[in-house]
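Novice: Below is the structure I would like to discuss, written out as structure tokens.
Numbering (this note's numbering), first residue to last: 1290 to 1829.
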């Protein structure tokens, strides 16, 4: 009996028993609890013993001397440890289930949008155009907002660092209030001339600072700096003239004088003398004879600058071909006031159709200085029937015509696409990247022309151009008599007979009414033809 008591009181023995074995033993009669002296090693068990149970008196002295009396404390401690282990396992399983539920709920919930720092676009332009309105609501790749800062060259200053880039300090007057801001631009759109011979308007140092800070721009800062000298740009046009030939690229002849001492004489008169970096009609003088040429030489000496001279072309109208990204437009400007400068006084501006010849001009010039995203070519159509290219303009070119808002939107899309490519490394081709878009005047129904006309014929004489159907009637232009729609084949390519002004005006009115299907189109075409007829009267 004592052996069984000793074995059952051993904790290691109880732990090795199968599950439920002790429960079966406890269902029977309980043994009498021992006295307090029988198990001195477990005082906690002794305290849990109910006081109503009297301590057990040992049966014989020999039993007390051989081993301590057994106690139920070992059984209860083993049982409580098993219960605690089960509770801990249950709590761990509940916690794991709760964490899994939280993870599922977090995965099912919509992710919070990440707030990204907006990209700063510096637009250098006058205040006549609100570029912030053009970029309102636009984002780069649908993630980054565009913050537009607009100022003129005269309103900004900068400091560029090799590692941290360029910091702009802007001091401008907005609504009568002085605005002072400092920011670090991510991109620059330059719509203003960086250099002028007017005192205080030489901003080439700011272009150098932007280049020093590594700021991307449209057009490129390399081209902006090169366009600060008109003769330098013309020298690159001379390369195009020699490579393409005078037939494809009819560049007007020009002579360069580094200073006034070389201005002795010129082979032909009249000539146009341009002093220094002249643009927008400033610094240009028409010289009729050699005496006047010597007089203007003294003015060049006083200005202390270089000069150029080119033969004066008796023009019938001016031509401007502009390129914004992959969009092309061509315009014709006819002077009504009779001034030899078509941009001075009254003039009539009409949009004409793009031809392959015009496209070759502007595409060739767009390859200069690493590429021009925005450019325009100016030419003069003389009364001798020939074209003369006189100038190319960069991103500072003015927007003209009835498509000004469309051109601003094209520039906006061009800037966004290039910002995505430069700042984010994402190529987002323009909708017009697949096929170049050409905005042309609309063809009237009675004004069908054969597609076999050569570009040179369409570019010379009175501009009888083909038209597309994506321009309003007020923008369309087709002077002279309009052949009836039944004229097809070889007969449509024949030129109308030469008539005097009154006959041409009468025939225009008559043929227009025959060729149009509706009264509205007849009226619109009549107005266009009359305008051109009156313009030709004034030009002659």
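Yeah, the Cβ is synthetic: ideal placement off N, Cα and C, and Gly gets one too. Values in this document were obtained by computation on a predicted structure and should not be read as measured data.
Please specify which runs of the beta strand (DSSP E), each continuous and at least 3 residues long, are wholly inside the stretch 1458-1509, giving them in chain order.
Specialist: Here the runs fully enclosed are 1466-1472, 1476-1479, 1505-1507.
Novice: So, are the CB atoms of residue 1677 and residue 1541 less than 8 Å apart?
Specialist: Closer than 8 Å, so yes.
Novice: The alpha helix (DSSP H) that contains residue 1437, what's its start and end?
Specialist: Element bounds for residue 1437: not the alpha helix (DSSP H) but the beta strand (DSSP E), 1433-1440.
Novice: Could you give the C-beta distance for residue 1456 and residue 1471, rounded to a whole number, given that I count them as a contact under 8 Å?
Specialist: About 6 Å; that satisfies the 8 Å criterion.
Novice: Tell me, which residues are paired with residue 1830 by DSSP?
Specialist: A question about residue 1830 goes unanswered here, because the residues of the chain that appear run from 1290 up to 1829.
Novice: Taking the straight line between their C-alpha atoms, what separation do you get for residue 1621 and residue 1453?
Specialist: One C-alpha to the other measures close to 47 Å.
Novice: Does residue 1552 come out as helix, strand or coil in the three-state DSSP assignment?
Specialist: Three-state DSSP puts residue 1552 in coil, outside helix and strand.
Novice: Within its chain, find whatever has a CB closer than 8 Å to the CB of residue 1428; leave out the 5 residues flanking it on each side and keep chain order.
Specialist: If we look at residue 1428 and ignore the five residues flanking it on each side, its Cβ neighbours are 1434, 1435.
Novice: Taking its Cβ as the centre, do 16 or more other Cβ atoms sit within 10 Å of residue 1370, making it buried, or is it exposed?
Specialist: Burial call: exposed.
Novice: Report all residues from its chain with a CB closer than 7 Å to the CB of residue 1652; omit the five preceding and five following residues, and keep chain order.
Specialist: Closer than 7 Å at Cβ, skipping near neighbours: no residue.
Novice: My guess is that residue 1599 and residue 1560 are in contact by the Cβ rule of under 8 Å, so how many angstroms apart are they, rounded?
Specialist: About 6 Å separates the two Cβ atoms, so the contact holds.
Novice: Can you tell me whether DSSP reads residue 1455 as helix, strand or coil?
Specialist: Looking at residue 1455 - three-state DSSP - the assignment turns out to be strand.
Novice: According to DSSP, simplified to helix, strand and coil, what is residue 1374?
Specialist: Residue 1374 falls in the helix class under three-state DSSP.
Novice: I'd like to confirm the pairing. Which residues does DSSP put opposite residue 1609 in its beta bridges?
Specialist: DSSP, once it has assigned bridges, lists 1620, 1667 as partnering residue 1609.
Novice: When the distance is taken between beta carbons, is residue 1509 closer than 8 Å to residue 1714?
Specialist: Result no, Cβ atoms of residue 1714 and residue 1509 do not sit closer than 8 Å.
Novice: Judging by CA-CA distance, which residue of 1673, 1563, 1407, 1710 is the nearest neighbour of residue 1895?
Specialist: Only positions 1290 to 1829 of the chain appear in the structure, and residue 1895 is not among them; the question remains open.
Novice: Could you please give the first and the last residue of the uninterrupted beta strand (DSSP E) stretch that includes residue 1406?
Specialist: Note, residue 1406: premise wrong, no beta strand (DSSP E); not H, not E.
Novice: Measuring alpha carbon to alpha carbon, tell me which residue in 1680, 1613, 1555 is nearest residue 1701.
Specialist: Comparing Cα positions, the closest option is 1613.
Novice: Sorted by chain position, which residues of the same chain lie with C-beta nearer than 6 Å to residue 1590's C-beta, five sequence neighbours on each side aside?
Specialist: These residues qualify, in order along the chain: 1549.
Novice: Run through DSSP, which three-state label would residue 1691 get?
Specialist: Coil, per DSSP.
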